[in-house]
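Using the working numbering, the letters of the sequence shown correspond one by one to residues 71 to 135.
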Amino acid sequence: MPGYDSQVIMAAGAFIQGASIELSADGPIKPPYSVFFQGGLTWYHAKLGILMSLQKLKDAGIVTI
71 MPGYDSQVIM AAGAFIQGAS IELSADGPIK PPYSVFFQGG LTWYHAKLGI
121 LMSLQKLKDA GIVTI
């Protein structure tokens, strides 16, 4: 993708409750594999997105908590 020095994963949620605020995350596919999380309609919406993502990573054995 233009503007990045490596391949990038970009993920976005859906258009939620008529808001223009999307829940999305993106990150470069290289160490340290950081994810940049932005958006969220409310604090709870953003928190739920983080917790659900973390649960999926845990279930897949990618992270330990």
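Beta carbons are placed, not taken as given, at the ideal position from N, Cα and C, and that holds for glycine.
- Note that the C-beta distance between Phe-106 and Gly-97 is below 7 Å.
- The DSSP-derived three-state label of Gln-125 is helix.
- Under the criterion of beta carbons closer than 8 Å, Glu-92 and Gly-119 do not qualify as touching, at roughly 11 Å.
- Per the coordinates, the alpha-carbon of Thr-134 lies some 8 Å from the alpha-carbon of Leu-127.
- Collapsing the DSSP output to three states places Ala-82 in a strand.
- Here Tyr-74 has Pro-98 as same chain residues with Cβ atoms under 8 Å from its own Cβ, once five neighbours each way along the sequence are excluded.
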